[in-house]
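First up is the structure itself, then whatever we jot down about it.
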Amino acid sequence: MSADMQILSKLKMGDMELKNRLVLAPLTRARGTPTEDPFDPVSRIPNDIQALYYEQRASGGLVVTEGTGITEEGYGWRNAAAIYTDEHVEGWRKVTDRVHAKDGKIFCQLWHMGRQAHSSYHPTTKRTVSASTEKMAGNVKTIDGKDVEGEVPHALTVEEIKSTIADFVNAAEKAKAAGFDGVEIHAANGYLPDQFLQSKTNKRTDEYGGSKENRIRFLKEITEAIIASGAFPANSIGFRISPNGAFGDMGSEDNFDMFTYVAKEMNQYGLAYLHIMDGLGFGYHGKDKAVTCADIRKNFDGVIMANVGLTKEIAEGLVRSGACDLVCFGRLYISNPDLAERFANDWPLTDPAPYETWWQHTAEKGYTDWPFYEPKE
0 MSADMQILSK LKMGDMELKN RLVLAPLTRA RGTPTEDPFD PVSRIPNDIQ ALYYEQRASG
60 GLVVTEGTGI TEEGYGWRNA AAIYTDEHVE GWRKVTDRVH AKDGKIFCQL WHMGRQAHSS
120 YHPTTKRTVS ASTEKMAGNV KTIDGKDVEG EVPHALTVEE IKSTIADFVN AAEKAKAAGF
180 DGVEIHAANG YLPDQFLQSK TNKRTDEYGG SKENRIRFLK EITEAIIASG AFPANSIGFR
240 ISPNGAFGDM GSEDNFDMFT YVAKEMNQYG LAYLHIMDGL GFGYHGKDKA VTCADIRKNF
300 DGVIMANVGL TKEIAEGLVR SGACDLVCFG RLYISNPDLA ERFANDWPLT DPAPYETWWQ
360 HTAEKGYTDW PFYEPKE
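The numbering of the sequence shown is numbering that gives the first Met the number 0, which starts it at 0 and goes up by one.
Next up, the structure:
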């Protein structure tokens, strides 16, 4: 038995107690109901298969949802879930009810893709947006699934930034109405808040660009606006960063200084957690020294969540060392819905899920059909 493992111990986070320190990582799985019309809103409403998927993995300490679109202009992934209409709320309510029935806690990850989306998803504005007009290298997908070159984004005006912050607030309010225990602001992987944080993508010369103090302003104002709205208190709001990641054509020469500064500045709010993708398995840009959980711990007093490439042993070592408090699992959690029980009982693990099951539109296949371990008599 592994009952004495620290990753299986309880953790007080804000006003809630987590039953262990394992977290289902936010994973885009694109399992919304496929529709012939890509603009049919049904494809963005969580369905019963998605509710089962999260329920199956509710024995961890915390579930963080897939990236969840906060507005039409922030959306850009076919069959991904959203959280900006009352219909989305009703779909997510089925998910949160089932997770809570298993004594689980669940946060909604608030997602604005910025320049990583394609304008075909945005019939109202017919554009993509970012901090600046820096075009992303590589391809993006159109709403009909074609791979095309990334577009030159529209640089948000100050007025449009304020409107986008209001979109984050609306999504947080909708998440509260859907029964979520909290929200995670997705400021990682080259999505919109990350595009403001990093010098590679932020070339602004106004109060939202240039200095570290200005580049963090967007993230801070989103956080402050959600708190001020009353949707969630600070201790039910987390945020995610990826200072080492290359995904989304990201990576800046000043990331070490910038993201240790981000940790220090965000420390003042008393947030639920800081979620850092410090592992290098998701692609390392190599332009600056890697930021580790230990570096963040020097600047952030609250709960730290580690992610990318963890094993049971690495996760246990991180928690025991004090470098982090929560440990995120993605690929292992896909193929082992009972991951907490397997760790606790030293049961064998199913191999990590193959790539083709991650985000293809295959409904239950590779999603909810992974077996729970049955010990032999």
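The beta-carbon is built from N, C-alpha and C at its ideal position, and this holds for glycine as well.
| Check | Outcome |
| --- | --- |
| Any contact of the segment 57 to 68 with the segment 103 to 110, i.e. 3+ C-beta pairs under 8 Å? | yes |
| Out of Lys202, Glu172, Ile184 and Ala170, which one is the CA nearest neighbour of His153? | Lys202 |
| Using the C-alpha atoms, what's the distance from Lys288 back to Pro242? | 10 Å |
| When the Cα atoms are used, what is the spatial distance from Glu71 to Ala230? | 21 Å |
| Specify whether the segment 260 to 270 and the segment 92 to 100 touch according to this definition: at least 3 beta carbon pairs, one from each stretch, less than 8 Å apart. | no |
| So, for Met0: in the same chain, excluding its five sequence neighbours on each side, which residues have a beta-carbon less than 8 Å away from its beta-carbon? | With a pLDDT of 46 at Met0, under the threshold of 50, the modelled position of this residue cannot be trusted; read the value that follows with caution. The residues are Ala343, Asn344 and Asp345. |
| Considering only residues of the same chain and omitting the five flanking positions on each side of Trp369, which have a CB-CB separation below 6 Å? | Ser334 and Pro336 |
| Between which two residues does the beta strand (DSSP E) carrying Val41 extend? | Premise fails: Val41 is in no beta strand (DSSP E) and is neither H nor E. |
| Let's see if you can read the secondary structure: which residues bound the beta strand (DSSP E) around Leu338? | Segment Leu338 to Asn344 is the alpha helix (DSSP H) holding Leu338; no beta strand (DSSP E) there. |
| Going by CA-CA distance only, name the one from Val157, Glu172 and Ser210 that's closest to Val182. | Glu172 |
| Assuming Ala186 contacts Asp180 under a Cβ cut-off of 8 Å, what Cβ separation, rounded to an integer in Å, is found between them? | So it is not a contact: roughly 20 Å between Cβ atoms. |
| Buried or exposed, going by whether 16 or more other CB atoms sit within 10 Å of the CB of Asn138? | exposed |
| Go ahead and label Ile313 buried or exposed: buried means 16 or more other beta carbons lie within 10 angstroms of its beta carbon, across all protein chains shown. | exposed |
| Tell whether a beta-carbon distance below 9 Å holds between Gly237 and Leu270. | yes |
| Report the rounded CA-to-CA distance for Ile82 versus Met4, giving the unit in angstroms. | 36 Å |
| Determine the DSSP secondary structure at Phe238, reduced to helix, strand or coil. | strand |
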